[in-house]
Structures are given as structure tokens and as C-alpha cells.
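Read through the structure below, which is laid out as C-alpha cells, and then see the notes.
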Amino acid sequence: MRREFLLAIGNPKAILIFTAFLPQFVVPDEDVLTQFIILGAIFLALEWVAIAIYAYLGLHLQRWLAGAKAKKIFNRVCGSLLGGAGLSLLVAGHAVSAP
Numbered sequence: 038m039r040r041e042f043l044l045a046i047g048n049p050k051a052i053l054i055f056t057a058f059l060p061q062f063v064v065p066d067e068d069v070l071t072q073f074i075i076l077g078a079i080f081l082a083l084e085w086v087a088i089a090i091y092a093y094l095g096l097h098l099q100r101w102l103a104g105a106k107a108k109k110i111f112n113r114v115c116g117s118l119l120g121g122a123g124l125s126l127l128v129a130g131h132a133v134s135a136p
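This is the structure:
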């Protein structure tokens, strides 16, 4: 738990969110520190909910992927999605570079 906390403190994504995204919701004429604390608490609560949802879905996915047939289907679907994403990047790259 301590390692995770230290890792989260140094997370550049969180630092960028707090410095780039949250200030637009802060009213400069009011107590800035209190506003940042409230916004930070809301952000952390939403982050916790998102992590809980990922964990819940991961547990169900783990149970579903216990069988060999399900793993094979999952791997093929993921491979197809990655291949499709690669092809769309390839096509988009040609569309942009064409004169």
C-alpha cells in the first residue's frame, strides 16, 4: 500500500490533471486552497469508482477466460481489434501524406 501511494504521488498524469485541468474550475476570488481540496477529493472519489469498476469487470473476465475456448475467442477478437487499429492508422497516414 505504501509503494502504491508513493507511485501515485509521483504519477505525472495526476500532476498534469491537477495543474492543467482543475484550475479552470477554480474561482480566483474565493479561497483557492479549499476549492482545490474539494475538486481533488471529487477527483479521487471518481478515480476510486473507476478502479472498482475495472476490478469488478476484471474478476468477471477472469472467470469467463478460465476455459481454453474463451481464451481463444478473446485472443482472436483482441488481435482483430489491434489489426484493425493498425490498418486504420496506415490508411490515415496515407490520406494525410497524399498531396
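Each residue of the sequence shown is one higher than the last, beginning at 38 in my numbering.
All C-beta atoms, glycine included, are put in the ideal place defined by N, C-alpha and C.
Given the structure is predicted, the values throughout are model-derived calculations rather than measurements.
Annotation: residue 90 to residue 68 spans about 34 angstroms, alpha carbon to alpha carbon.
Residue 53 places its beta carbon 8 angstroms or farther from that of residue 76.
Contact check for residue 63 against residue 55 fails: the beta carbons are separated by 8 angstroms or more. The C-alpha of residue 78 is placed about 40 angstroms away from the C-alpha of residue 113.
DSSP places residue 64 outside both helix and strand once states are collapsed to three, so it counts as coil.
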